[in-house]
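A quick write-up on the structure given underneath.
Numbering (the working numbering), first residue to last: 1006 to 1203.
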């Protein structure tokens, strides 16, 4: 499934390593093209994922490819989708990738793409990325890893991401943590194969 809300498929079947690589490479190329006027600045892409069993494999694949294109990767690890969106502008990154399939069954996985402002890429931006991916799938050279490892991007871990997000939300002027605590709310939660903060 390829839609404006992301790429989704059954891991190992309709979403293979090759497909993940082609979309990650195409999105990275899109990010590079978007920043050509600032080519002297080091590009950074934030990556986060949910708890699906294929998440770690796809994360490793994405990190390896993105860094080989000369882009730094800021790794959040397992975290909710909104945390990646929050951290992209917080870390002054150029984009973000979320490895998730949202509410789909556990054997699915997918990709969501985030702009530098923390919002998902627009429909028109999606079309640019999808066209790049189609070119790559047809055999055209859309992205080429750098041969010199000294030119590869760095991998930077950010395990503090969720705490920063929680603190930012809990200190909003219209949120009263004290009132919420006193309310003694009982809630039933089903993360539906996803990850969340309660």
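All residues carry an ideal CB built from backbone N, CA and C; glycine is no exception.
Best match in 1121, 1021, 1110 and 1143 for proximity to residue 1033 [C-alpha to C-alpha]: Residue 1033 sits at position 28 when you count from the first residue of the chain shown. For residue 1033, the nearest C-alpha among the options comes from 1121.
Below 7 Å between beta carbons: does that hold for residue 1052 and residue 1102? In the chain shown, residue 1052 corresponds to position 47, counting from 1. In the chain shown, residue 1102 corresponds to position 97, counting from 1. Taking 7 Å as the Cβ cut-off, residue 1052 and residue 1102 qualify as a contacting pair.
Return yes when the Cβ of residue 1084 is within less than 7 Å of the Cβ of residue 1006, no when it is not. Working through the chain shown from its first residue, we reach residue 1006 at position 1. Working through the chain shown from its first residue, we reach residue 1084 at position 79. No.
Nearest candidate by alpha-carbon position, reference residue 1020, set 1048, 1063 and 1039: Here residue 1020 is taken as the residue at index 15 of the chain shown, counted from 1. With distances taken between Cα atoms, residue 1020 lies closest to 1063.
For residue 1069 and residue 1100, I'd like the C-alpha separation in whole angstroms. As a first step, residue 1069 is located in the chain shown; it is residue number 64 there, counting from the start. As a first step, residue 1100 is located in the chain shown; it is residue number 95 there, counting from the start. If you take the alpha carbons of residue 1069 and residue 1100, they lie about 16 Å apart.
Find the nearest neighbour of residue 1035 within the set 1135, 1143, 1174 and 1184, judged by alpha-carbon distance. Within the chain shown, residue 1035 is the residue found at index 30, counting from 1. Of the listed residues, the one whose Cα sits closest to residue 1035 is 1135.
Note down the Cα distance separating residue 1119 from residue 1009, rounded to an integer number of angstroms. On the chain shown, position 114 is the one that residue 1119 refers to. On the chain shown, position 4 is the one that residue 1009 refers to. Between residue 1119 and residue 1009, the C-alpha separation is close to 11 Å.
Quick check: residue 1138 and residue 1027, are their CB atoms within less than 7 Å of each other? Reading the chain shown from its first residue, position 133 is the one you call residue 1138. Reading the chain shown from its first residue, position 22 is the one you call residue 1027. Yes, Cβ-Cβ distance for residue 1138 and residue 1027 is below 7 Å.
According to DSSP, is residue 1137 helix, strand or coil? By 1-based counting over the chain shown, the position of residue 1137 is 132. In the structure shown, residue 1137 sits in a helix (DSSP, three-state: H, G or I).
Beta strand (DSSP E) runs wholly inside the region 1117 to 1195, at least 3 long, in chain order: 1160 to 1162
For residue 1030, name the three-state secondary structure that DSSP assigns. Walking along the chain shown from the start, residue 1030 turns up at place 25. Correct three-state label for residue 1030: helix.
Alpha carbons only, please: which of 1145, 1185, 1108 and 1095 is nearest the one belonging to residue 1055? As a position in the chain shown, residue 1055 is number 50, starting the count at 1. Considering only alpha carbons, the answer is 1108.
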